[in-house]
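Here is the structure we will look at.
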Amino acid sequence: MSKKALMIVSFGTSFDEAMPAIVNIEETCRKAFPEYDFYRAFTSGMIIRKLKRTKNVVIDSPEEVMEKLAAQGYEEVLCQPTHIINGMEYEKMMRMLQPYKDRIPVIRAGKPLLTEEEDYRKACQIMMEELKSPLAEDEAFVLMGHGTEHYANSAYCQFENMLRDLGYENTYVGTVEGFPGLDYVIRRMKIRGIRKVHLMPLMIVAGDHARNDLAGAEEDSWNSLLQAEGFETDIVLKGMGEIDGIAQIFVEHLEAAEQI
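Start counting the sequence shown at 1482; every next residue gets the next number (the working numbering).
See the structure below:
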């Protein structure tokens, strides 16, 4: 019987409280592909080194996993990133896989969370069902994405546009490192007379960005900046990966994974 492996590739996190998001996606995918041996990989060298230094936890990089699989004679590798957008991290993963095409006969890779139009529709509906608080006219949800200089940053605007199309008028998407930023979101909320804001990360894990940039006590966190602008705030500190419906989208992408 041929040897088959499932590799789930995440950026990673060093926060114990954030790890359940990654584990939920991994376990959901493992259950869908029980005949595949499971392997975890993190792409962040900084996080890998920190976990080893502070917790003596060893996590392989994707390259290290692929080297092991090639050396052990695996004939098929299914690779699924837990990335949200088709950005730099995804492109880096795809480049990394290329040299192994001559050593492993079948390498198939699934797409990031937000790839096809239907992905946006499903993810938006799942997120809104998760938040599920009825909103008054002066209340809003604000979702914080990572953001990037890569052109895939447009996914965040498309996510908000899909929310509007589904009827969620008082939900806004901003990013830490791209457009739209929080200042843009604040201007639009003031125009609509929003007074109370429910904050949640639009990220797979509620890690460093969520706990510091979103919810931190520092004066430049989103929570502090919104309060300084007169908004009442509360925080939903939960990574998208913790939501079962989001994890299931990754399974669908694995099922549709194509040979690289």
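All residues carry an ideal CB built from backbone N, CA and C; glycine is no exception. Since we're looking at a predicted model, the values are computed, not measured.
Per-residue DSSP class, three states only, for residue i
| i | result |
| --- | --- |
| threonine 1535 | helix |
| methionine 1482 | coil |
| phenylalanine 1660 | coil |
| tyrosine 1653 | strand |
| glycine 1722 | helix |
| leucine 1616 | coil |
| alanine 1590 | strand |
| isoleucine 1730 | helix |
| tyrosine 1601 | helix |
| aspartate 1518 | strand |
| isoleucine 1672 | helix |
| glutamate 1699 | coil |
| valine 1666 | helix |
| valine 1546 | helix |
| threonine 1596 | coil |
| leucine 1683 | coil |
| tyrosine 1581 | helix |
| isoleucine 1540 | coil |
DSSP bridge partner residues for residue i (one or two, in chain order)
| i | result |
| --- | --- |
| valine 1678 | Ala1621, Thr1714 |
| alanine 1502 | Its beta-bridge partners do not exist; DSSP assigns none. |
| serine 1491 | Phe1523 |
| glutamate 1764 | Since the displayed the chain opens at 1482 and closes at 1741, residue 1764 lies outside it and no answer follows. |
| cysteine 1560 | Met1488, Ala1590 |
| glycine 1628 | According to DSSP, which records beta bridges pairwise, glycine 1628 is partnered with nothing at all. |
Residue i burial status per 10 Å Cβ neighbour count (16 or more: buried)
| i | result |
| --- | --- |
| phenylalanine 1660 | exposed |
| isoleucine 1672 | exposed |
| aspartate 1600 | buried |
| glutamine 1561 | buried |
| threonine 1596 | buried |
| methionine 1684 | buried |
| glycine 1648 | exposed |
| proline 1488 | Correcting the residue type first, residue 1488 is methionine in the shown sequence and not proline. That one is buried. |
| methionine 1527 | exposed |
| proline 1615 | exposed |
| asparagine 1537 | exposed |
| lysine 1613 | exposed |
| alanine 1621 | buried |
| alanine 1709 | exposed |
Residue i vs residue j beta-carbon contact at 9 Å
| i | j | result |
| --- | --- | --- |
| glutamate 1618 | asparagine 1651 | yes |
| tyrosine 1653 | arginine 1676 | no |
| aspartate 1541 | arginine 1521 | yes |
| serine 1495 | threonine 1524 | no |
| alanine 1687 | leucine 1706 | no |
| proline 1501 | glycine 1726 | no |
| leucine 1624 | methionine 1608 | yes |
| arginine 1589 | glutamate 1739 | yes |
| isoleucine 1585 | glutamate 1557 | yes |
| glycine 1626 | threonine 1656 | yes |
| lysine 1485 | glutamate 1508 | no |
| serine 1741 | leucine 1594 | Note on residue identity: the sequence assigns isoleucine, not serine, to residue 1741. Not a contact, by the Cβ cut-off of 9 Å. |
beta-carbon residue i near the ligand ATP non-hydrogen atom, thresh 8 Å
| i | result |
| --- | --- |
| leucine 1718 | Absent from the structure shown: the ligand ATP. Ligands present: none. |
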